[in-house]
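J.: Numbering (the numbering used here), first residue to last: 16 to 382.
Where a beta carbon is used, it is the ideal one built from N, C-alpha and C, also for glycine.
None of these values were measured; they are calculated from a predicted model.
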Amino acid sequence: MANKSVVDFEAIKKDLANLPKPIQILDENSKVVDQDAFDSFSDDDLVEFMKKMVWERALHEQTMNFSRQGRMGFYAPTEGEEASEMGTVLAMKKQDYLLPAYRDVPQLIQHGATVTEAYLWSRGHVLGNEYKANSMMPQIIIGAAYDEAAGVGLGIKKNKEEDTIAFTYTGDGGTSQGDSYEGMNFAGAYQAPVLFIVQNNGFAISTPRKKQTAAPALSQKAVAAGIPSVQVDGMDILACYTVAKAARDYITAGNGPVMIETLTYRYGAHSSAGDDPKRYRTEEEVKPWHEKDPLIRLRKVLEDKGLWSDEQEDKLVEEYKASFKDDIKEADAAPKDEVSDMLKRTFEIPTPEMKQEIEKFEAKESN
Ligand SMILES: Cc1ncc(C[n+]2csc(CCOP(=O)(O)OP(=O)(O)O)c2C)c(N)n1
Ligand SMILES: [Mg+2]
Numbered sequence: 016m017a018n019k020s021v022v023d024f025e026a027i028k029k030d031l032a033n034l035p036k037p038i039q040i041l042d043e044n045s046k047v048v049d050q051d052a053f054d055s056f057s058d059d060d061l062v063e064f065m066k067k068m069v070w071e072r073a074l075h076e077q078t079m080n081f082s083r084q085g086r087m088g089f090y091a092p093t094e095g096e097e098a099s100e101m102g103t104v105l106a107m108k109k110q111d112y113l114l115p116a117y118r119d120v121p122q123l124i125q126h127g128a129t130v131t132e133a134y135l136w137s138r139g140h141v142l143g144n145e146y147k148a149n150s151m152m153p154q155i156i157i158g159a160a161y162d163e164a165a166g167v168g169l170g171i172k173k174n175k176e177e178d179t180i181a182f183t184y185t186g187d188g189g190t191s192q193g194d195s196y197e198g199m200n201f202a203g204a205y206q207a208p209v210l211f212i213v214q215n216n217g218f219a220i221s222t223p224r225k226k227q228t229a230a231p232a233l234s235q236k237a238v239a240a241g242i243p244s245v246q247v248d249g250m251d252i253l254a255c256y257t258v259a260k261a262a263r264d265y266i267t268a269g270n271g272p273v274m275i276e277t278l279t280y281r282y283g284a285h286s287s288a289g290d291d292p293k294r295y296r297t298e299e300e301v302k303p304w305h306e307k308d309p310l311i312r313l314r315k316v317l318e319d320k321g322l323w324s325d326e327q328e329d330k331l332v333e334e335y336k337a338s339f340k341d342d343i344k345e346a347d348a349a350p351k352d353e354v355s356d357m358l359k360r361t362f363e364i365p366t367p368e369m370k371q372e373i374e375k376f377e378a379k380e381s382n
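#1: Over what stretch of residues does the alpha helix (DSSP H) that includes Gly-168 continue unbroken?
#2: Is Asp-187 near ligand 2 - that is, is its Cβ less than 7 Å away from at least one heavy atom of it?
#3: Cutting at 6 Å between CB atoms, please list the residues of its own chain near Gly-158, excluding the five before and the five after it.
#4: Please tell me whether Tyr-205 and Lys-236 are closer than 8 Å, where the distance is taken between their beta carbons.
#5: Keeping to the same chain, check which residues put their C-beta closer than 6 Å to that of Glu-353; ignore five residues upstream and five downstream.
#6: What runs of the alpha helix (DSSP H), each 4 residues or longer, lie entirely inside the stretch 188-267?
#7: Report, in whole angstroms, the separation of the C-beta atoms of Lys-98 and Gly-249, which I expect to be a contact under 8 Å.
#8: Which ranges does the alpha helix (DSSP H) cover as unbroken runs of at least 4 residues, wholly within the stretch 122-163, from first to last along the chain?
#9: Pull up the DSSP beta-bridge partners for Ala-181, would you.
#10: Rounded to whole angstroms, what's the CA-CA distance from Glu-197 to Ala-378? Just pull it up for me.
#11: Can you tell me whether Ala-219 sits near ligand 2, meaning its C-beta is under 7 Å from at least one heavy atom of the ligand?
#12: Around the Cβ of Val-22, are there at least 16 other Cβ atoms within 10 angstroms (buried) or fewer (exposed)?
#13: So, with DSSP's three-state summary, where would you put Thr-297?
#14: Under the criterion of a Cβ to heavy atom distance below 7 Å, does Asn-216 qualify as lining ligand 1?
#15: Grab me the residues of Ile-155's own chain with a C-beta within less than 6 Å of its C-beta, minus the 5 sequence neighbours each way, in chain order.
#16: DSSP puts Met-101 in a beta bridge; with which residues?
#17: From the DSSP output, read off the bridge partner residues of Leu-41.
#18: Do you know offhand how far Ala-73's Cα is from Thr-222's?
#19: At a threshold of 7 Å, does Ile-242 count as lining ligand 1 (C-beta to nearest heavy atom)?
#20: Note down the Cα distance separating Phe-56 from Ile-242, rounded to an integer number of angstroms.
#21: Check this for me: beta carbons of Tyr-256 and Gly-102, under 8 Å apart or not?
#22: Just checking Gln-192 against ligand 1 - is the residue's beta carbon closer than 7 Å to any of the ligand's heavy atoms?
#23: When DSSP builds the beta bridges, which residues end up paired with Gln-274?
#24: Check each candidate in Lys-359, Pro-365, Ala-349 and name the one with the smallest Cα separation from Gly-143.
#25: Flag this pair as yes or no: are the beta carbons of Ser-286 and Ala-91 separated by less than 8 Å?
#26: Could you compute how far the alpha carbon of Met-79 sits from the alpha carbon of Phe-24?
#27: In chain order, what residues of the same chain lie with their CB nearer than 7 Å to the CB of Ile-124, ignoring the 5 residues before and after it?
#28: Out of Ala-346, Gln-371, Glu-374, Asp-329, which has the shortest C-alpha to C-alpha gap to Trp-136?
#29: Between Ile-343, Pro-37, Leu-31, which has its C-alpha nearest Val-258's C-alpha?
#30: Between which two residues does the alpha helix (DSSP H) harbouring Gln-371 extend?
#31: Just to confirm before moving on: does the CB-CB distance between Phe-376 and Leu-358 stay below 8 Å?
#32: When you measure from the CB of Ala-160 to every non-hydrogen atom of ligand 1, does any distance come out below 7 Å?
#33: Are Thr-183 and Val-209 touching if we call contact CB-CB under 8 Å?
#34: With C-beta atoms as the reference, is Asn-216 less than 8 Å away from Tyr-280?
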């Protein structure tokens, strides 16, 4: 017989949904809701944040154009996620390690890869996998970057690398993968210096966040690993930066990992391969997210301070897009990466079957 006086599961379940408000510095109407945190930014900082988001949106628009022209390989649109991506990556230091997923190419570039390398990665070219930056190539296996980050974090700890952490990203869908639980558990057990970021953009391809899990918040997924976690307004770059920076400070002080869930939205399709979001969500659902747009939100603050104008922004966008056009030309000029090259790189000593394949492709390629 169930006995409510011993245990009230319903009350425990209800309590799970008793969540603190996601952290915000600017609300949806650009009103400052945390004055102290806001005052920690200089005017130059605010302009810098705006420029980064304008850069990311310009990168998205130009890359989509290249994609429509058939000049890209795989591309995951980032429009809507600028505050979440730029806010968190700006808290990184050069010596930090980045373990990105496929939608985190803008962070990879901010951390030191070139746009040309990013374009080559999109095309599956080998030169798109080698960066001067401390970063792995973007992970396609969802959630798997969390495992890599746990290992890198343990390496940082064992090598006693000062003031250094690993930053890693997954999506809302990625938090349902065993890999992400295992990565967090490992990092928690070893108190490895890792910042786990979940970019909750509402969808895993066509699966809405609500169908993904019964957990009221994805940030709760860190709790069982003993990792402190928090939800942040992912359309507020000031909040994303401030929380990521605070997490980095906490981690570098030797306190083990942290997890941040950013609440954001993917405006476009899952990938440039052409899924149609209209088939799995309504216009009414998308509209309010456009009203929360991260660029609009910070732009209002800057305009009120007389620090920003449409002309300034248009000029920047033009400059950025011109530079991306140079970058893709550079990618076009990269030495051809042949199928035989890819096969030769697979094993140090090729298997007999592979040897045959290599010969077959070399003969084809020499024609
Ligand atoms: C282990 C694994 N299973 C399935 C896929 C196919 N897949 C690619 S993207 C994706 C959805 C991921 O959604 P989410 O984690 O929310 O990231 P988002 O694309 O929204 O940034 C899936 C299921 C995959 N890449 N890896
Ligand atoms: Mg998602």
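T.: Judging by the given coordinates:
#1: 159-173
#2: yes
#3: Thr-185, Gly-189, Gln-192, Asp-194, Ser-195
#4: no
#5: Glu-380
#6: 193-205, 224-227, 252-265
#7: Note that residue 98 corresponds to Ala in the displayed sequence, not to Lys. Contact flag correct, Cβ pair sits at about 6 Å.
#8: 130-137
#9: Tyr-112, Val-209
#10: 45 Å
#11: yes
#12: exposed
#13: coil
#14: yes
#15: Tyr-117
#16: Partner(s): none; Met-101 has no beta bridge.
#17: Val-47
#18: 28 Å
#19: no
#20: 28 Å
#21: yes
#22: yes
#23: For the sequence presented, residue 274 should be read as Met rather than Gln. According to DSSP, Met-274 bridges with Phe-211, Ser-244.
#24: Ala-349
#25: yes
#26: 49 Å
#27: Val-130, Ala-133
#28: Ala-346
#29: Pro-37
#30: 367-380
#31: yes
#32: no
#33: yes
#34: yes
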